[in-house]
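In UniProt numbering, the protein residues as written are 1 to 361.
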Amino acid sequence: MENEKGESSSTFKMDNSAQERSLPYVPDCYAVPPSYEPRDALDSNSEIVPTIDISRLKSSDDERRGVIQELSSACQRFGFFQIVNHGINQNILDDALEVAHGFFELPAKEKKKFMSNDVYAPVRYTTSIKDGLDKIQFWRIFLKHYAHPLHRWIHLWPQNPPEYREKMGKFCEEVRSLSLEIMGAITESLGLGRDNLSSRMDKNGMQVMAVNCYPPCPDPTAALGLPPHSDYSCITILLQNLTGLEIFHPSAHGGSGRWVLVPEVKGVLKVHIGDHVEVLSNGLYKSVIHKVTLNEEKTRISLASLHSLGMDDKMSVPYQLVNNENPARYRESSFNDFLDFLVKNDISQGERFIDTLRIKD
Ligand SMILES: O=C(O)CCC(=O)C(=O)O
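As structure tokens, then:
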């Protein structure tokens, strides 16, 4: 629908979006609908977000059991936790954020080389979610690229800034090893054993990097960086330079739920449980619904590394977790199935991939 200025979602296609042009107002097609939950429902008590010292996974059996217990509780209550002592050097984190920022600062001509609205493309630069196509637009610019195995994809990545490939590549490799360690702990916590998915994730598993930039917004209450959604992945590991990520805590306030602002502490990484771990756990662990709010003055950068099984490898509920009293609650699906879903659905309207996988009673 057009407003009186003749503006609609398709007015703000990539290369011409409000966020790329630093428009001094928020166009109507970016307006947040009331169903997205008012800002006053935000829970500012960010201390409730669980933080886990992941180095203890390498300690004695007793220590490991303790960490796995903490992780299991966080996955059930929030579908989200933060990790400290993860072993990735601060320089590697800083360098990755720096080259990501450097990429978004490049002249449009350079970024346009990667411009694409094809959700199947292994490397693409665009805005919002499906820019110009979805009903509502979001104040985001992003570069998405596959990252595993690195040698298969890195030659497709930006060569500018000149250190992009080296520094982002190092970050991707380190985050990927961490994802395997965390997935081992997750399968162990479900009683499936540490190596249950390791060969499928290690050899052919996918790693998709969403390199996100949220420029300053003239009215941060009127638009969002990203709407409430969950990730298709098994887990997503996220690094941010500023606050802005909010997670939904479903059991807060007597079950009515609340948004919680995730605090930014230097060096701390965030772990999202994705739809495919919700399936793997037959619903015991919940994929976290999250959204991104904006800042009036500063540019926010986030690096979201999404880890899943291979392109066509289907995640299903394991037979060990199913019996007569507890039947499988989800259909199987792959990363490719998610991409097909993305083409046909509008996430800005609250459509969720996980809802299409639920088996109705
Ligand atoms: O920027 C963030 O904190 C979240 C990013 C995200 O949810 C995504 O890329 O799907």
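Glycine included, every Cβ here is placed at the ideal spot set by N, Cα and C.
Item: Under the three-state DSSP convention, the category Ser17 falls into; Value: coil
Item: Leu245 Cβ short of 6 Å to ligand 1 heavy atom set; Value: yes
Item: Residue from Lys109, Gln90, Ser189 whose Cα sits closest to the Cα of Glu20; Value: Lys109
Item: Under 7 Å between C-beta atoms of Asp53 and Asn85; Value: yes
Item: CB contact flag (Ser287, Gly87, <7 Å); Value: no
Item: Burial state of Ser22 (16 or more Cβ within 10 Å); Value: exposed
Item: Neighbour-count burial assignment, Asn282, 16 or more Cβ in a 10 Å radius; Value: buried
Item: Closer than 6 Å: Ser302 CB and nearest ligand 1 heavy atom; Value: yes
Item: Close Cβ partners of Phe171 (< 6 Å) along its chain, the five nearest in sequence each way excluded; Value: Ile92, Ala96
Item: Start and end residues, alpha helix (DSSP H) containing Met183; Value: 164–189
Item: Inside the segment 45–104 only - beta strand (DSSP E) runs reaching at least 3 residues; Value: 51–53, 80–84
Item: When Ser73, Ile354, Ser233 are compared against Leu309, the one with the closest alpha-carbon; Value: Ser233
Item: Assigned exposure category for residue 366 - 16 Cβ within 10 Å defines buried; Value: Shown here, the chain extends from 1 to 361; a query on residue 366 therefore has no answer.
Item: Asn345 - partner residues in DSSP beta bridges; Value: Per DSSP, none; premise fails for Asn345.
Item: Best match in Tyr330, Arg300, Ser189, Leu156 for proximity to Leu224 [C-alpha to C-alpha]; Value: Arg300
Item: Distance between beta carbons of Arg329 and Ile359, contact taken as under 8 Å; Value: 6 Å
Item: Ala210 and Ala147 closer than 7 Å at C-beta; Value: no
Item: Assigned secondary structure, Ser302 (DSSP; H/G/I helix, E/B strand, else coil); Value: strand
Item: Ligand 1 heavy atom lying under 6 Å from the CB of Leu226; Value: yes
Item: Cut-off 6 Å between Cβ atoms - residues of its own chain near Tyr125, not counting five sequence neighbours on either side; Value: Lys111, Phe114, Met115, Leu143
Item: Among Val208, Ala31, Gln349, Ala222, nearest to Asn179 - alpha-carbon criterion; Value: The question names Asn, but residue 179 is Ser in the sequence shown. Closest option to Ser179, Cα to Cα, is Val208.
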